Amino acid sequence: MAEAFNPSEIEPKWQRKWMESGEFEVSFDDPREKSYVLCMYPYPSGSAHQGHVRNYTFGDLNVRYRTMNGQAVLSPLGYDSFGLPAENAAIKTGVHPRTFTDARVAELRASLVRLGAVYDWRRELKSHDPSYMRWTQYLFIKLFEAGLAYKAMAPVNWCPGCKTVLANEQVLSDGTCERSGDIVVKKDLEQWFFRITDYAEELLQDLDGLDWPEQVKTMQRNWIGKSVGVELDLSVVGESDLALRVFTTRPDTGFGITYAVVSPEHRSLWRFVKDEYRREVEEFIDEVRLRSEIERLSVDMTKSKRGVQTGSYVVNPFNGKEVPLYVADYVLAHYGTGAVMGVPGEDQRDYDFAKAYGLPILRTVQPPEGFAGEAYSGAGEKINSEWMDGLTVDEAKVKAIRWLEDNSLGESKVNYRLRDWLVSRQRYWGCPIPIIRCSSCGLTPAREEELPIIAPDDVEFLPTGESPLYRHPDFRKTTCPKCGEPAERETDTMDTFVDSSWYFLRFADPFAESLPFDKEVVAKWMPVDQYIGGIEHAILHLLYARFFTKALSDIGLLNSDLREPFRRLFTQGMVRLNGSKMSKSKGNLITPLQYFDSVGADSLRLFHLFVGPPADGFDWTDQTDAIIEGCNRFLQRVWRLALGQAESFPGVTLNIVERIPSSEDLELQAAVHRSIAKVTSDYERWSYNTAVAALMELTNAIYRHGTDGVAREIFDEAIDALVKMLAPMVPHMTSEIWERIHGDSSIFRSGWPVANPEMLVSSVETLIIQVGGKFRDKVTVPLDVSYDDALTLALSSPKVRSALKDKEPSKVVAKLPKLLNLVL
RNA sequence: GCCCGGGUGGUGGAACGGUAGACACGGAGGCCUCAAAAGCCUUUGCUCGAAAGGGCGUGCGGGUUCGAGUCCCGCCCCGGGUACCA
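For the first sequence, this note's numbering gives the first residue as 876, with consecutive numbering after it.
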């Protein structure tokens, strides 16, 4: 009997081999079919946590599976190493963010190696590495030169106590600063933006061609939020030169306008406010500045006061009626025109507002019979709308737009909910924006030879105060690259989403020295064939990376036909502990290290694959350790089966050449081929939990038949297939078994097993017999069973007869040879 | 609030609109052992019944269908995102 499977000896051996052999490194001239498998690069949180284990297990499994299928798989790893936690740690402990980050990168890297994940380590990158920053800054400059980066005023979370900008995360739910407890306000500061809205339509259209989860595509579509409608002017009563421009997707509801609303941040707000209302409006606006956008858009907020009158009246262009103009916080300045017409009959927010302020509510669409709601936004017949009466909503929209255009009152307009991407951060631990402000030349990019611009180390990390970069005595001082006069450096750094918007391109060509990447080399590997990451990145990261790819393609840094970075996407569910996402910031981490030591990486990997569908999250509970133990037991069982056969299975006979295959031989062979078909299809559809179950069943079947006296070659074929199919899941143990059975050749070059279709067919089928749709009995029938035979068989079953209670079926539903339903 | 998911035995989960509960975990019983661990075997949705056998069962309420965990409508609860966490 071979010794027990001992992961603490075997796993490090193979990890060393994979690293040293370069088996999973790929190069530009690799003749195999290319494949690019990528996990979202991790934020280095120290040792990996279970969310990482899950993510990188799925990634590694894909890399190995594709390798076994003969592909040259690009599998790189890097680190999203800028970000707030390192800066917070610096403020708290005084350790420099770089020291802090580098230590945690090393820890994370080591834990992923111990997981047995394989990478082309030559391509490893860190977003805070100067050699990467250089090109992030280079790309920023290219976007700036292309007009895709600009500066504008924007409201930010401002803590008056800390005198600093806060991340949303740093603002508590009651609107106070997590550090000082001061009430956080919105303050307008000059900020850098990327013009992602230029790509709104293409970002929307191109979703159709992506092999992504529908759920994610839907989220992105909703986020981009295309709405087709019309802009129209509401003239202000008594002010001949003043009109309020509003945007609506429902021009058909025009006759139902009973008031209008302008946003508190509207550019021309004060022109609409009458003097005697000024004071009240000012007070209201002060209040609004304390509210978050989520609060402002919440329907629940209607209970509290959320708007005031301006004193002005506007004219409903449809019927000439004068209606009051309010300023209210549920209207946002940055969407549409920053003002809306109030149609309470067909919009719930307008309805709530009208109710709260005693404004008239007029329906212009007839709700269906029995409609119990308030505003009715569905389809129906137009009413109370003069020349639109009787039309459908869609017909009325067309007619209303034509009428507005014919009378020069408005025009068709498409709006997107998507806003430009605010990329500047008033922080230290990010990539500095490489722009210089010159009093005579304006905003000027740094010279290319100067890149990367690296933040100085001798800054103070204080719990109160502005960006450390801004306060640094020298960093800001420079000269203008154009005129040579003294000038000032930008002190804002970039959103870390900028770093993660192009790292997959650098992975394809990390060796480039005069450019961020060579576009021909990138063209070999891109797009990513399989991208894997958490569902929490469904919108922002994925949208930004798509935008970058399109923009860089337009700029000419990428081939013009490379418009989408990720051909296929898989989003995994999250690991939860005590009901919420397992993360460092929540302090609810369970590291894999203890499991590496006790049961080994293979068992932990198998657990993550077996515990449930990869797309679903799961809760880490008291029972989890027992299931991991169970996975380990299964691996031990496979080990004994594969390596302990001589002693354990004396029934296995020498060969079948000299005799007719026994029924046990044929049964085992059929079981193996059914498993190959099932497991292969499960791998393809990311159903790893059922693939593991099928492999457990196969293991049980081999055990059963192994003691029945099957032929040696059939037994060996079964073991080989089992071990190969397990290899992407548990690479260490299977590599060891393979080596002991077949000598010094990698199992990952041995090819994926192929099912023989002839062994998958059966001559019989189980016929399900139902009475009134309820299962009553089953019988085995030939595949070509006739209707009459099936019916006779069914009626001869005592169970069926008792269920029929002597009555004749009034109808028979037959789906032969699988189902017969006798309906009474 | 809004957008996107999810809810099936004691537990994780399985199930082309057609036998609900595959495969595991846990439990119960047994074999092996001086004993234990490991391993092996049997059993395990709830309920009535000695058994044979029956009834009930996929968050809740309706609907479509010969037939619904699966499709449709309306709720409830849980998770993710909500533009400066990544």
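Yeah, the Cβ is synthetic: ideal placement off N, Cα and C, and Gly gets one too.
None of these values were measured; they are calculated from a predicted model.
Candidates the options, of which the one nearest residue i by Cα
i	options	result
G1255	G1248, W1262, A1569, P1243	P1243
W1033	S1006, K1062, E1044, Y1025	K1062
S1700	D1404, Q1405, R1421, D1393	Lying before the first or after the last residue shown, residue 1700 is absent from the chain, which here runs from 876 to 1699.
Y1188	R1438, Y1152, G1213	Y1152
V1396	L1380, T1371, Y1406, Y1578	L1380
A1501	P1489, F1485, D1161, C1355	F1485
A1321	N1696, I1016, G991	I1016
F1386	R998, R1512, R1166, P960	R998
T1354	Q925, L1510, H1347, I1310	I1310
V1373	R989, V1215, Q1012	Q1012
A1602	T942, A1330, L1079	T942
A1669	D1681, V1654, S910	V1654
F880	L1642, V1605, L1694	V1605
E1077	E1592, K1682, F1423	F1423
E1170	D1204, F1159, P1088	D1204
A1689	K1680, R1181, L1642	L1642
S920	D1295, Y1210, L952, D977	D977
V1142	E1155, S1167, G1213	Note that residue 1142 is Arg in the sequence shown, not Val. Among E1155, S1167, G1213, the Cα nearest to that of R1142 belongs to G1213.
S1562	P1035, Q1511, D1491	D1491
R1125	W1262, E1168, K1272	K1272
E1140	G1131, R1164, S1685	R1164
Separation of residue j from residue i, as counted between CA atoms
i	j	result
R1364	R1292	33 Å
P1307	S956	14 Å
V1554	G1050	52 Å
K1178	A923	Summary for K1178: the model assigns pLDDT 47, below 50, so the residue's position carries little reliability; its value from the coordinates is reported in the next sentence. Their Cα atoms are separated by approximately 46 Å.
W1514	D1086	38 Å
C1052	V1059	6 Å
F1019	M1571	57 Å
E1270	T1128	12 Å
R1300	W1067	9 Å
S1426	G1104	The sequence given here places Ala at residue 1426; Ser does not occur at that position. Each residue's Cα considered, the two are about 28 Å apart.
V1403	V912	6 Å
Y1662	A1545	29 Å
A1029	E1065	6 Å
Y1251	P1235	15 Å
E898	N963	40 Å
S1428	Y1025	19 Å
L1211	W996	Before going on, a small fix: residue 1211 reads as Gly here, not Leu. Going by the C-alpha atoms only, they are around 48 Å apart.
G958	E1089	30 Å
P972	G1618	48 Å
Per DSSP, the bridge partner or partners of residue i
i	result
N1290	S1102
M1028	E1065
W1087	Paired residue(s): none; W1087 is not in a bridge.
C914	I1407
P1657	V1639
C1313	G1317
R954	Sequence check: residue 954 is Tyr here, not Arg. K1001, per the DSSP bridge assignment.
L1727	Absent from the model: residue 1727. The displayed extent of the chain is 876 to 1699, so no value can be given.
Y1134	G1217
E1363	R1312, K1352
F975	Partner(s): none; F975 has no beta bridge.
(Q) Any contact between the segment 1007–1016 and the segment 1037–1051? By contact I mean 3 or more CB pairs, one from each, below 8 Å. (A) No: the two stretches stay apart, fewer than three of their Cβ pairs being nearer than 8 Å.
Q | Entirely enclosed beta strand (DSSP E) segments - the segment 1032–1065, minimum 3 residues | A | 1039–1041
Q) Are the segment 1281–1292 and the segment 1222–1231 touching by the rule of at least three beta carbon pairs closer than 8 Å? A) no
(Q) Assess contact between the segment 881–891 and the segment 1409–1417, defined as three or more Cβ pairs (one per stretch) separated by less than 8 Å. Is contact present? (A) Contact between the segment 881–891 and the segment 1409–1417 is absent, because fewer than three Cβ pairs lie under 8 Å.
(Q) Report the start-end ranges of each alpha helix (DSSP H) in the segment 1433–1482 that is 4 residues or longer and not cut off at the edges. (A) 1468–1473
Q: Examine the Cβ distances between the segment 1642–1657 and the segment 1671–1689 and report whether three or more of them are shorter than 8 Å.
A: yes
Q.
With three or more C-beta pairs closer than 8 Å as the rule, is the segment 1424–1441 touching the segment 1093–1107?
A. no
Q.
Within 8 Å, do at least three Cβ pairs link the segment 1342–1362 to the segment 1314–1333?
A. yes
Q) Below 8 Å, can you find three or more Cβ-Cβ pairs linking the segment 1272–1280 to the segment 977–997? A) Too few Cβ pairs lie closer than 8 Å, so no.
Q) Would you call the segment 1097–1116 and the segment 1320–1335 in contact, with 3 or more CB pairs under 8 Å? A) no
(Q) Just to confirm the assignment: which complete beta strand (DSSP E) runs, minimum length 3, are found wholly within the segment 1178–1256? (A) 1182–1190, 1197–1203, 1214–1217
Q. Okay, do the segment 1622–1636 and the segment 1575–1590 touch, 3+ Cβ pairs below 8 Å being the bar?
A. The answer is no - the segment 1575–1590 does not touch the segment 1622–1636, with fewer than three Cβ pairs under 8 Å.
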